[in-house]
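Here is the structure we will look at.
In the numbering used here, the protein residues as written are 1 to 420.
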């Protein structure tokens with residue numbers, strides 16, 4: 001019982017810190033600033049669009065034997081292999097991993113040590129990532145026992161200070177019309193649902209290694225760990241959203257998210273605030289980079305039946321990410337948006353369906369819904385004009401109704417003989 005509690009907490013903290021990258025650090029304060037006195041309404045929407053989907057992605061993955069295909073499994077073998085490989089590359093070395101180094105440099109290093117070259121910092125950053133990620137069995141220990149408590153401590157100091165001595169009063173009127181919808185959309189746009197399917201590879205490997213090999217045991221410990229991670233994210237995101245609300249009378253929607261975050265930390269801690277923020281960003285990005293590097297390496301090592309060694313892939317990911325990180329956050333994000341827009345509807349669809357995989361017997365529901373999600377994602381990527389006329393388009397969910405219709409059509413197709 002004691003070991004199970006220990007494992008639950010360690011895995012839960014590892015999940016929390018991998019999800020809580022510096023990118024997510026900037027969303028809640030900005031949402032709170034826009035929402036003013038209704039910050040908690042916007043935060044609730046954010047919680048559903050971000051944390052709930054991310055945790056469900058991990059729990060749903062643990063219901064399948066192959067974590068590499070995970071929630072994509074019932075979409076078909078080739079479909080799962082293609083989509084998951086593209087997704088891993090995007091969430092891994094093409095976008096998210098190099099973005100962590102670029103974010104640390106732009107927020108933590110450049111303002112304090114402008115003389116440090118970008119490339120030199122990236123090399124040093126990924127040397128640390130390599131050292132901590134090269135032993136997969138130790139990743140959860142490094143992240144869960146050391147880095148996450150340090151990150152939580154610094155964040156707690158910031159949030160508690162903001163509660164005890166609020167920076168200002170809440171604006172009575174929100175700066176946005178639909179506070180809940182805005183929160184839901186911002187949570188959705190963090191893309192943590194896609195990240196969850198990647199982090200699930202590392203989580204499931206750790207769960208199995210800890211002795212939870214049977215399906216029900218995997219799902220149980222994943223659910224318990226997910227509750228731990230979800231609670232930690234709820235406290236941190238809620239606190240940051242509250243802090244944003246306390247400056248809602250001082251700023252308008254034109255302020256940049258990073259500028260707002262820097263302003264809040266300086267208001268709370270003075271000039272020391274810049275150092276506090278630097279520490280938070282370094283820890284948040286480092287834990288995310290370690291988790292995603294390990295997950296990427298485990299995926300491709302498993303896909304090649306270990307012909308490509310885990311350590312080789314970790315090294316390759318770190319080297320490639322070092323090069324890409326030199327382009328900076330803005331360039332990396334601009335490159336990633338079209339690809340992520342293509343994939344995200346499919347990933348969210350399969351997470352939701354896979355959560356109920358034990359009750360949905362017809363594979364054609366998964367296949368029809370998934371294929372429609374791919375089509376809608378492709379049309380969205382091309383910015384096809386008619387998409388704007390579909391229900392929920394203004395919230396970024398134009399794909400939802402067509403996917404539901406496709407799933408219903410799949411239900412009407414017999415599962416065996418006429419399986420598509």
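For each residue, glycine too, the CB sits at the ideal point set by N, CA and C.
- For residue 96, the enclosing alpha helix (DSSP H) stretches over residues 96 to 104.
- In the DSSP assignment, residue 363 falls within the unbroken alpha helix (DSSP H) covering 363 to 381.
- If you look at residue 182, you'll find it in the alpha helix (DSSP H) that goes 179 to 188.
- The criterion of a C-beta distance shorter than 9 Å is satisfied by residue 123 and residue 322.
- Rounded to the nearest whole angstrom, the CA to CA distance from residue 405 to residue 371 is 12 Å.
- Scanning 384, 260, 202 for the CA closest to the CA of residue 297 turns up 202.
- Nearest in C-alpha terms to residue 246, of all of 168, 226, 360, is 168.
- Taking 8 Å as the upper bound for CB-CB distance, residue 265 and residue 274 are in contact here, some 7 Å apart.
- Across the structure, residue 261 and residue 316 are spaced so that their CA atoms are roughly 33 Å apart.
- Runs of the alpha helix (DSSP H) spanning 4 or more residues and lying entirely within the stretch 11 to 80 occur at 22 to 35, 39 to 46, 53 to 61, in chain order.
- In the structure shown, residue 305 falls within a coil segment according to DSSP collapsed to helix, strand and coil.
- For the set 71, 320, 26, the Cα lying nearest the Cα of residue 107 is the one of 26.
- By the Cβ criterion, the stretch 299 to 318 is not in contact with the stretch 36 to 51, since fewer than three pairs of Cβ atoms, one from each stretch, lie closer than 8 Å.
- Separation of the CB atoms of residue 75 and residue 366 is rounded to 5 Å, and the pair is thereby assigned contact status at 8 Å.
- Under the three-state reduction of DSSP output, residue 328 falls in the coil class, being neither helix nor strand.
- Per the Cβ contact rule, the stretch 65 to 82 is not in contact with the stretch 226 to 233 (fewer than 3 Cβ pairs under 8 Å).
- Two segments are said to touch when three or more pairs of C-beta atoms, one from each, lie closer than 8 Å; by this definition the stretch 215 to 222 does not touch the stretch 107 to 118.
- Setting aside the 5 residues that flank it on each side, residue 390 is surrounded in the same chain by 398, each with a C-beta closer than 6 Å to its C-beta; the list follows chain order.
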